[in-house]
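Please read the structure below before turning to the comments.
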Amino acid sequence: MLKAVILQVVATLIAVLLSGALFGVRGAVSAAGAGVACVLPSWMFALRLAAMTKRTGSASVTAFVAGEFIKIASIVGLLVLVWAVYPDLHWGGMLVGLILALKANLFAFLVKT
Numbered sequence: 000m001l002k003a004v005i006l007q008v009v010a011t012l013i014a015v016l017l018s019g020a021l022f023g024v025r026g027a028v029s030a031a032g033a034g035v036a037c038v039l040p041s042w043m044f045a046l047r048l049a050a051m052t053k054r055t056g057s058a059s060v061t062a063f064v065a066g067e068f069i070k071i072a073s074i075v076g077l078l079v080l081v082w083a084v085y086p087d088l089h090w091g092g093m094l095v096g097l098i099l100a101l102k103a104n105l106f107a108f109l110v111k112t
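The sequence shown: position 2 = 1 (numbering that gives the first Met the number 0), numbered continuously.
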C-alpha cells in the first residue's frame with residue numbers, strides 16, 4: 000500500500016509540472032491541491048491497514064471497506080476545501096492533478112519491490 004502512496008506523490012509532482020507548463024502558476028497550485036487531497040487520505044488509509052495487519056495478522060474485509068469509504072469521503076471533502084480556500088482555482092489543473100493522482104495506483108503492481 001505504501002508504494003501506491005509513493006506513486007501517487009510522484010504522479011502529483013508530474014501533474015504539478017504539467018499543469019504549471021499548461022496553465023501557469025494557478026494550474027500548478029490547483030494540481031498540487033488536488034494531488035494532496037488524494038495523497039493524504041490514501042497515506043492515512045495505508046498506515047491504518049499496516050497497523051491492523053501488524054496487530055492482528057490480517058485486515059478484515061469490513062475494516063477495509065469502511066476505511067475505503069472514509070478515504071473517498073475524505074478526498075471529496077478535501078477537494079471541496081481546496082475549492083473553498085483557493086479562490087483562483089484552475090479547473091483544468093485540478094482535474095489533471097486529480098486524475099493523475101487517482102490513476103497512479105494502477106501502476107503500483109508494475110513496480111517491483
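All C-beta atoms, glycine included, are put in the ideal place defined by N, C-alpha and C.
These numbers were taken from a predicted model, which means no experiment stands behind them.
- Its chain contains M0, L1 as the residues whose beta carbon lies nearer than 8 Å to that of A49, once the 5 sequence neighbours on both sides are disregarded; these appear in chain order.
- By alpha-carbon distance to A14, the top candidate from A27, F106, P86, S73 is A27.
- In this structure Q7 touches A103 by the C-beta definition: roughly 5 Å separates them, less than 8 Å.
- With respect to R47, G76 sits apart: the two C-beta atoms are not nearer than 8 Å.
- A residue is called buried when at least 16 other Cβ atoms come within 10 angstroms of its Cβ; A100 meets this threshold and is buried.
- Minimum Cα-Cα distance from F44 among the listed residues F63, L12, A30 corresponds to F63.
- DSSP, read as helix, strand or coil, puts M51 in helix.
- One thing to note: A3 has its Cβ within 8 Å of the Cβ of S41.
- For L21, the three-state secondary structure derived from DSSP is helix.
- Contact check for A10 against L78 fails: the beta carbons are separated by 8 Å or more.
- In terms of Cβ geometry, G32 and Y85 form a close pair [threshold 8 Å].
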